[in-house]
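Numbering (this note's numbering), first residue to last: 169 to 384.
Only one structure is covered here, and it is reproduced in the block below.
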């Protein structure tokens, strides 16, 4: 019987993103199309008496000393929801730049949910998705790591065909300068956007085999 498992926490790539109105809770409604790269962080797990996280890799130093890492939050939420008494040691090899807009933390949390479910014999996918939603808007998408269309906060998901995307070349360039990109980008976008310009434009469905629906 296997007692250790490992998975890739795949980088989330936005193919299109439209930001809509701001909700009372501070979140903006969005429409987005996204897919996942085949590369990402690496996460492994094995049984232990305590629940712990070890971090290595080229971007590990940014996360060292965090008391509320999203991976540990995911692990604690899963253990509490299902009444698990066992612990686990999680080992994260941080290969994706932090705060780079490619869902690294969310992907890590989702990978932790998948791995611990395998380790602890949890099969209830509905509850897994509920836990993922409580961890952040991107975590449900990262739980499945498939091409999808997202609405609401990005967590109302519709799976899309992957044909035409598999094997497609992808180049990501990161200057290794940390940025609170969602906050800064939204602030700049909203400052430049007039009421006249704020009109509904559906995200184009430009994946192969899907007709474009964007307004001109």
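All C-beta atoms, glycine included, are put in the ideal place defined by N, C-alpha and C.
Model, not experiment: these values are computed from the prediction.
Query raised in the report: In terms of alpha-carbon separation, which member of 223, 274, 259, 286 lies closest to residue 252?
Result: 286
Query raised in the report: Count the other CB atoms within 10 Å of the CB of residue 172; is the residue buried (16 or more) or exposed (fewer)?
Result: exposed
Report task. Pull up the DSSP beta-bridge partners for residue 300, would you. Result -> Looking at the DSSP assignment, residue 300 forms no beta bridge with any residue, so it has no partner.
Query raised in the report: Can you tell me where the alpha helix (DSSP H) with residue 250 in it begins and where it stops?
Result: 238 to 250
Query raised in the report: In three-state terms, what does DSSP make of residue 180?
Result: strand
Requested in this report: Starting from residue 308, trace the alpha helix (DSSP H) both ways and give me its first and last residue.
Outcome: 307 to 312
Query raised in the report: Hey, out of 206, 183, 258, whose CA is closest to residue 200's CA?
Result: 183
Query raised in the report: From this set, 295, 336, 232, 333, which residue's C-alpha is nearest residue 242's C-alpha?
Result: 295
Query raised in the report: How big is the Cα-Cα spacing for residue 260 and residue 227?
Result: 11 angstroms
**Report entry** Distance, residue 230 Cα to residue 266 Cα
**Finding:** 7 angstroms
Requested in this report: Would you grab the beta carbon distance between residue 325 and residue 337 for me? Rounded to a whole angstrom, and I think it's under 8 angstroms.
Outcome: With 8 angstroms as the limit, residue 325 and residue 337 do not qualify as a contact, their Cβ atoms being about 26 angstroms apart.
Query - Cβ shell of residue 301 (< 8 angstroms), same chain only, five flanking positions each side left out - result: 307, 308, 323
**Report entry** Buried or exposed (CB count within 10 angstroms, at least 16 for buried), residue 189
**Finding:** exposed
Requested in this report: Let me know if residue 146 comes out buried or exposed under the rule of 16 or more other beta-carbons within 10 Å of its beta-carbon.
Outcome: Look at the range of the chain in this structure, 169 to 384, and you will see that residue 146 is not part of it.
**Report entry** Same chain, Cβ closer than 7 angstroms to residue 320, neighbours up to 5 away in sequence not counted
**Finding:** 197
Query raised in the report: Grouping DSSP H, G and I as helix and E and B as strand, with all else coil, what is residue 337?
Result: coil
Query - Collapsed DSSP secondary structure at residue 211 in the structure displayed - result: strand
Query raised in the report: Would you call residue 174 buried or exposed, if buried means 16 or more other Cβ atoms sit within 10 Å of its Cβ?
Result: exposed
Query - residue 178 burial status per 10 Å Cβ neighbour count (16 or more: buried) - result: buried
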